[in-house]
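Undergrad: I have a structure here, written as structure tokens, and I will follow up with some questions on it.
Residue numbers (the working numbering): 6 to 198.
Right, dumping it as structure tokens:
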């Protein structure tokens, strides 16, 4: 039975490096025989705003419901996005706000501060582009976007392990470096990681 992988591209620009990385990862996973789907958030119709917080549920748009079914079926999730202002684009944040809801991705438990993690059994890979050198992002900023994705979002819902591959600095990168990154994404896809 082939591994079910869902790739979610959180970059709003369909011509971005992230879009190319997502396609290359899919190419590698397809070659490895995975059952792999790619979703570009920019192609979906949904409001990224959680209008009422958790006080009142905002009905999910058909595109979000379709992606939720894909998430439930997937064994491995791949999120591809740029590191902007230390974290991720508003489009990806809005996607999580709207879809990773109580009763969907986690469930509050009576008499416990810890939630029931409803996405246990799934793994994840983050493919993140950045202009910040990795050493600086780690030492000075303490990796806020990586920590948020790995611990506060995915880990909170039971997804583990969450592995991270960072590509950068992207600004001023040459075509041969970009090709190396695309090859690395394809290799990760082939390894189904």
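Beta carbons: idealized from backbone N, C-alpha and C, even for Gly.
#1: Taking only runs that begin and end inside the segment 19-105, name each unbroken beta strand (DSSP E) of 3 or more residues, in chain order.
#2: Comparing C-alpha positions only, which one of 142, 145 and 124 sits nearest to residue 111?
#3: Count the other C-beta atoms from every protein chain shown that fall within 10 angstroms of the C-beta of residue 103, then say buried if there are 16 or more, exposed otherwise.
#4: Which word fits residue 27, buried or exposed, when buried means at least 16 other C-beta atoms lie within 10 angstroms of its C-beta?
#5: Going by beta carbon distance, what residues of the same chain come within less than 8 Å of residue 58, once the five residues before and after it are set aside?
#6: As a quick exercise: from 94, 96 and 12, pick the residue whose alpha carbon is nearest that of residue 31.
#7: Say yes only if the C-beta of residue 104 is nearer than 6 Å to one or more non-hydrogen atoms of the ligand NAD, and no if none qualify.
#8: Ends of the alpha helix (DSSP H) at residue 185?
TA: Looking at the coordinates:
#1: 40-45 and 81-87
#2: Here residue 111 refers to the residue found at position 106 of the chain shown. That would be 124, whose Cα lies nearest to the Cα of residue 111.
#3: Looking up residue 103 in the chain shown gives position 98. Buried: at least 16 other Cβ atoms inside 10 Å.
#4: In the chain shown, counting from the first residue as 1, residue 27 sits at position 22. Flag for residue 27 reads buried.
#5: Position 53 of the chain shown, counted from the first residue, corresponds to residue 58. None.
#6: Counting from 1 along the chain shown, the entry for residue 31 is found at position 26. For residue 31, the closest alpha carbon among the candidates 94, 96 and 12 is that of 12.
#7: Judged by which ligands are present, the structure shown has none, so any question about the ligand NAD falls away.
#8: What you label residue 185 is simply residue 180 of the chain shown in a count that begins at 1. Run containing residue 185: 180-195, per the alpha helix (DSSP H) assignment.
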